[in-house]
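Taking the working numbering, the leading residue of the sequence shown gets 33, the next gets one more, and so forth.
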Amino acid sequence: MNVLYKDSRVLRPADEVGFDSYVAIVRDVCARHASDPHRWRVDPDAELGATWIRLVHEDAHVPEQGWKLHVSASLWSAEAVLRRALPVLLTEPVCLKVAASPAILAGLNDGTSGSLSQIGKFITIYPGDDEQAVRLAVALDEQTRGLSGPRVPSDRPLRRGSVVHYRYGGFGGMFIQTPIGEITPAVRTPTGELVPDVRSTAFQPPPWAIDPFAAAGVVEDRPAPRRVIGDRYAIAVPLHHSPRGAVHLALDVATPAKCVLKQACAGAQPAPDGSDARDRLRREAAILEFFAPDDRVPKVLQLIEQDDDLFLVIEDIDGVTLEEYVAKEARRGVPLPAARIVDFGVQLAAMLGKMHAAGYVYRDLKPTNVIVAPNGRLRFIDFEMAREIDDENTPIPGAGRFGVGTRGYMSPQQARGETPATSDDVYSLGALLLLMATGAEPSRAPNPFALLERPILKLNPRIHPAIAEIIRRCLAPEPTARPSSITDVAAALMAAEATPASATASVSETTTTPPEVERNARRTCADLARRLADSLCADAQPVANGAGMAWVSPHKTARALWSRDLYVGSGGSLLALAELVASYGVPEHRRVLEQGARWLATAPAPAGTPLAGLYVGEAGVGAALLRTGQVLANDALIAAASRRGNDIATLPFTSPDLMNGTAGRLRFHLLLWDATGNAEHLDHALDAGEHLLASSREAGPGQRNWVIPGGYGDFSGKAPLGYAHGAAGVADALLDLFEASGDDRYRRVAEDAARWIAAHAVPAVEDGTGLAWPTGAGGDPMPAYWCHGAAGIGQFFLHSAALDLVPDASARWAGAARTTARGTRWAGPTQCHGLSGSIEFLLDAYQASGDAAYLAEARSLSELLMAFRSEQDGILRWSSDWPWTYGADYMAGYAGVAVTLLRLADPDCRPRGMSRRGFQYQGPSGA
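Next up, the structure:
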């Protein structure tokens, strides 16, 4: 069975519906029903494996925006929907697209191929005008009556039960970039302004758009959703939306007391037997009633049908999810202590044992389904996927009707749809124990069925060895190798608690790496970096009209478009490739580098106000062109970067931060000054520095920080501490400017910022010798990431120590390095939020101090980094922050891994790439 794994859920197996693509059906219907088949074009990229099949009539008029139609379908109704809908559409000149395969449709309907607003969008039609939109909608509705499909959350259905929906939006081609860097579809207002095309989970047309379907009287009026369910439960706060429906926090007005409403929408997650999410919710209610009374299970208060949907009302349970509980400690670099792991493991096993004795398997044990009460008592929620043991008669919806499982927590047997068995829960408990013992989230593991590819002792060198052995046994691929029952797991855990960890625990304290091992490691990293240069070239795509080559980013902020940015986009890919060409000089790599620079130098920015930032914006584009020009000895590219720097200097100052704002453009101006010696670039940097001085604010005696203005999402109105968006990055850029100009004012403000940042450090790692920081004053510590945590803030304190900025700078960076090395081993592979960024900082620490222990720690993290590599058709890649996504991005993809590998291959000399030293680096020989 070919199962496509994506996100935390498993998509439906294509072979259960009998074919792998809808292309043949589309072509067959076109041949049978199109009056002039030669006037219709099926796009040539719409072959097997493509995302969309596009059909375009040669006379179709496609406006830039308007009322679009969506025809929804389930996996089991899709062929019938196609065969009924396409003959209607083939009678008119129109443009449309169809999800290319069952796997793509499953991803849409499961919410894993985009946002929840994409659910149900099997066929999308772009009418030429309002009249055609109304005409086609009515005809499509008549032809598809009786067929089922999920409700499209962003749209309005033509009538109750119809698979035909509509919404107002852009027809493609118009995009704007928000201040935080997200590229988003846009629509044009009547005044000509481009604004985001909002695709929410509710029908929300722009205020100026007149609904032609309502005007024509063809749409069935539906009352607004009621906020009171069953005349008793008032919805207060939506907690979660999913393809099934939603979960709400509500108030029982009769008590009054808080409660939780689980909503299953009509037609959601349909199965081939006609059942849908409502049937699953009824079954969950019955299971909860079966196990009542038990204080580990939520009490059912009522089951209510209203407006076609079903609501399960259950008690609200005080506490936090186990996910939140573990994450709070993991952010400080502290795994749960052995006694707590044993306590929680025994509690979980006791509840699972009760279920098994009653003939059920839970099948969805994960940290979000377990609540930790204030008294430490664990309670289970969400029994939706519970099944009878050895139940061979209940259809598995694709197991569709009762779900498949959660990535990383389900056993290989459960993923294959085998008969439910207690060994499935044993496996899931092992995955949950792994999370508690190491902080490593199984759903984010490189291989969801080989969780131990990252060795437990690497993830947590201080783990109790008996607990590690229990985890290994539970996670055995074959059920026969696992503990025979959940009771055996509980007994083993209690026996582990009775064994003193200090007597047998293996505590690894890395100090140095043997010389031969170090030489081999350097050679290996050099070879892998070179292979990633091959990958960057393989993933570069020719641009239309021969305008060069570019990289498509799969990151959610880039929307699979040709972003130009350094953070995610072609700017960062080009920057990494430039370093690889400088190191290896491979002609094919050089050719792609030249073509990538050709596109980047001329590619237009997204519509809207230009962004000036370094990681997001024009400064990053300029930095990529500058470094490429240096490597290629191409004066024209360096001149293009210089012109961009002058253009940036005319833009207004916005956010102060390094990622999006003034500090980033300051650093770029200094890079240009270093490269060209042109005084105007230093002048531009000084202008930016003056703005940063003026916009800083007093945060306490001898302390200063910066507030992010509005328009920057969750950061707006706040004073972050970290490197990417906060005071550490701003102050680090000011230290660069101090070194360039000698103006002591920049050093003094950076010193005040250092004192403010230092005041908010909190002890981290088990022995308290590390340091961590919250995003902002008073918050919980963040993981040791580059963007907000110790790896970035430590980089600033390294710079501070080199300039003798504050007395405790060396202690601060050393504490940050301790947390970076020991506290976030569970992280993913990337620069921004993961191991690559951590390794970079440890290499900075090694170069600054000469202490080989930091190099050894970097090597130790690099072993965990290797678990995220993947090879397909001879192409080597590393995953992004999501292990099911691979992109050539710098801060969130494998391009950033490549530059880290370059430093691991030359740890004594090669500086951090995104720095003034990095742009001046010519190689170990100086040539």
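Virtual Cβ for every residue (Gly too), placed ideally from N, Cα, C. These numbers were taken from a predicted model, which means no experiment stands behind them.
To which residues does DSSP link residue 903 through a beta bridge?
Taking the sequence shown and counting its residues from 1, one reaches residue 903 at position 871. For residue 903, which the question treats as bridged, DSSP gives the partners 908.
The beta strand (DSSP E) with residue 127 in it runs from where to where?
As a first step, residue 127 must be located in the sequence shown, where it is residue number 95. Counting along the chain, the beta strand (DSSP E) containing residue 127 begins and ends at 127 to 131.
Would residue 93 count as contacting chain D if we go by Cβ distances under 9 Å?
Judged by its chain identifiers, the structure shown contains no chain D, having just a single protein chain.
Relative to the C-alpha of residue 816, which residue among 795, 834, 831 and 461 is closest?
Within the sequence shown, the letter at position 784 stands for residue 816. Nearest C-alpha to residue 816: 795.
Can you grab the Cα-Cα spacing for the pair residue 113 / residue 87, in whole Å?
Walking along the sequence shown from the start, residue 113 turns up at place 81. Walking along the sequence shown from the start, residue 87 turns up at place 55. Near 16 Å, if we compare the C-alpha coordinates of residue 87 and residue 113.
Decide if residue 723 is buried, meaning its Cβ has at least 16 other Cβ atoms within 10 Å, or exposed.
Position 691 of the sequence shown, counted from the start, is the residue given in the question as residue 723. Buried.
Does residue 79 come out as helix, strand or coil in the three-state DSSP assignment?
Taking the first residue of the sequence shown as 1, we reach residue 79 at position 47. Note on residue 79: pLDDT 41, under 50, position unreliable in the model; the coordinate value appears next. Residue 79: coil per DSSP, three-state reduction.
Can you tell me which of the three DSSP states residue 386 falls into?
Within the sequence shown, the letter at position 354 stands for residue 386. Residue 386: helix per DSSP, three-state reduction.
Contact between the stretch 767 to 781 and the stretch 324 to 334 is defined here as three or more beta-carbon pairs at a separation below 8 Å; is this criterion met?
Counting Cβ pairs under 8 Å, fewer than three are found: no touch.
Please report the distance separating the alpha-carbon of residue 441 from that of residue 396.
The count along the sequence shown starts at 1 and reaches residue 441 at position 409. The count along the sequence shown starts at 1 and reaches residue 396 at position 364. Residue 441 and residue 396 have their C-alpha atoms roughly 7 Å apart.
What residue range is occupied by the uninterrupted alpha helix (DSSP H) comprising residue 398?
Counting from one through the sequence shown, the residue named residue 398 turns up at place 366. Looking at the DSSP string, residue 398 is not in any alpha helix (DSSP H), and its letter there is neither H nor E.
Sorted by chain position, which residues of the same chain lie with C-beta nearer than 7 Å to residue 218's C-beta, five sequence neighbours on each side aside?
The residue labelled residue 218 in the question sits at position 186 within the sequence shown. Same-chain partners within the cutoff: 202, 206, 207, 208, 226, 227, 228, 229 and 639.
To the nearest angstrom, how far is it from the Cα of residue 421 to the Cα of residue 513?
For the purposes of this step, residue 421 is taken as residue 389 along the sequence shown, with counting starting at 1. For the purposes of this step, residue 513 is taken as residue 481 along the sequence shown, with counting starting at 1. Rounded to whole angstroms, residue 421 to residue 513 spans 19 Å at the Cα level.
Go ahead and label residue 192 buried or exposed: buried means 16 or more other beta carbons lie within 10 angstroms of its beta carbon, across all protein chains shown.
Here residue 192 corresponds to residue number 160 of the sequence shown, with the count starting at 1. Residue 192 is exposed by the Cβ-count criterion.
How long is the line joining the alpha carbons of residue 786 and residue 735, rounded to whole angstroms?
Indexing the sequence shown from 1 puts residue 786 at position 754. Indexing the sequence shown from 1 puts residue 735 at position 703. Taking C-alpha positions only, residue 786 is separated from residue 735 by approximately 8 Å.
Write down every uninterrupted run of the alpha helix (DSSP H) in the stretch 651 to 712 whose length is 4 residues or greater and which is fully enclosed by it, in chain order.
667 to 680 and 694 to 708
Go to residue 732, then tell me how far its beta strand (DSSP E) extends in each direction, as first and last residue.
For this step, residue 732 is matched to residue 700 along the sequence shown. Its beta strand (DSSP E) spans residues 729 to 732.
Please classify residue 539 as buried or exposed, where buried requires at least 16 other C-beta atoms within 10 Å of its C-beta.
Taking the sequence shown and counting its residues from 1, one reaches residue 539 at position 507. At residue 539, the pLDDT of 34 sits below 50, so the modelled position is not reliable; the number obtained from the coordinates is stated separately. Residue 539 comes out exposed.
Based on DSSP bridge pairs, tell me the residues matched to residue 284.
On the sequence shown, residue 284 is found 252 positions in, with the first residue counted as 1. According to DSSP, residue 284 bridges with 265 and 289.
Mapping DSSP to helix, strand and coil, what is residue 335?
For this step, residue 335 is matched to residue 303 along the sequence shown. Correct three-state label for residue 335: strand.
With which residues is residue 155 paired in a DSSP beta bridge?
The count along the sequence shown starts at 1 and reaches residue 155 at position 123. In the DSSP output, where bridge partners are listed per residue, residue 155 has 103 and 130.
In whole angstroms, what separates the C-alpha of residue 651 from that of residue 707?
Stepping through the sequence shown from its first residue, residue 651 is reached at position 619. Stepping through the sequence shown from its first residue, residue 707 is reached at position 675. Distance between the alpha carbons of residue 651 and residue 707 is about 15 Å.
Just to confirm before moving on: does the CB-CB distance between residue 756 and residue 689 stay below 9 Å?
Working through the sequence shown from its first residue, we reach residue 756 at position 724. Working through the sequence shown from its first residue, we reach residue 689 at position 657. Yes, the Cβ-Cβ distance between residue 756 and residue 689 is below 9 Å.
Can you list the alpha helix (DSSP H) stretches of 4 or more residues lying completely in the stretch 713 to 777, in chain order?
Runs of the alpha helix (DSSP H) lying entirely within the stretch 713 to 777 and spanning at least 4 residues, in chain order: 759 to 773.
In three-state DSSP terms, what is residue 442?
Numbered from 1 along the sequence shown, position 410 holds the residue referred to as residue 442. Shown here, residue 442 sits in coil according to DSSP, grouped into three states, outside any helix or strand.
Tell me, please, which residues DSSP counts as bridged to residue 345.
Taking the first residue of the sequence shown as position 1, residue 345 is located at position 313. Looking at the DSSP assignment, residue 345 forms a beta bridge with 293 and 334.
Among the candidates 752, 562, 935 and 820, whose CA atom is the shortest distance from the CA of residue 879?
Here residue 879 corresponds to residue number 847 of the sequence shown, with the count starting at 1. The shortest C-alpha separation from residue 879 is found at 935.
So for residue 573, helix, strand or coil by DSSP?
Within the sequence shown, residue 573 is the residue found at index 541, counting from 1. Residue 573: strand per DSSP, three-state reduction.
Contact between the stretch 925 to 942 and the stretch 610 to 621 is defined here as three or more beta-carbon pairs at a separation below 8 Å; is this criterion met?
Yes, the stretch 925 to 942 touches the stretch 610 to 621.
Please state the DSSP three-state secondary structure of residue 462.
Locating residue 462 in the sequence shown gives position 430, where the first residue counts as 1. Here residue 462 sits in helix by DSSP.
So for residue 581, helix, strand or coil by DSSP?
For this step, residue 581 is matched to residue 549 along the sequence shown. Residue 581 falls in the strand class under three-state DSSP.
With DSSP run on the structure shown, which of helix, strand or coil describes residue 647?
Counted from its first residue, the sequence shown places residue 647 at position 615. DSSP places residue 647 in coil when its eight states are reduced to three.
Under DSSP, the alpha helix (DSSP H) around residue 869 begins and ends at which residues?
Stepping through the sequence shown from its first residue, residue 869 is reached at position 837. Here the alpha helix (DSSP H) through residue 869 covers 867 to 881.
Look up residue 197 in the DSSP assignment and say whether it is helix, strand or coil.
For the purposes of this step, residue 197 is taken as residue 165 along the sequence shown, with counting starting at 1. Strand, per DSSP.
Helix, strand or coil for residue 271 per DSSP?
Translated into positions along the sequence shown, residue 271 becomes position 239. Strand, per DSSP.
Please tell me whether residue 798 and residue 366 are closer than 9 Å, where the distance is taken between their beta carbons.
Mapped onto the sequence shown, residue 798 falls at position 766. Mapped onto the sequence shown, residue 366 falls at position 334. In contact: residue 798 and residue 366 (Cβ atoms closer than 9 Å).
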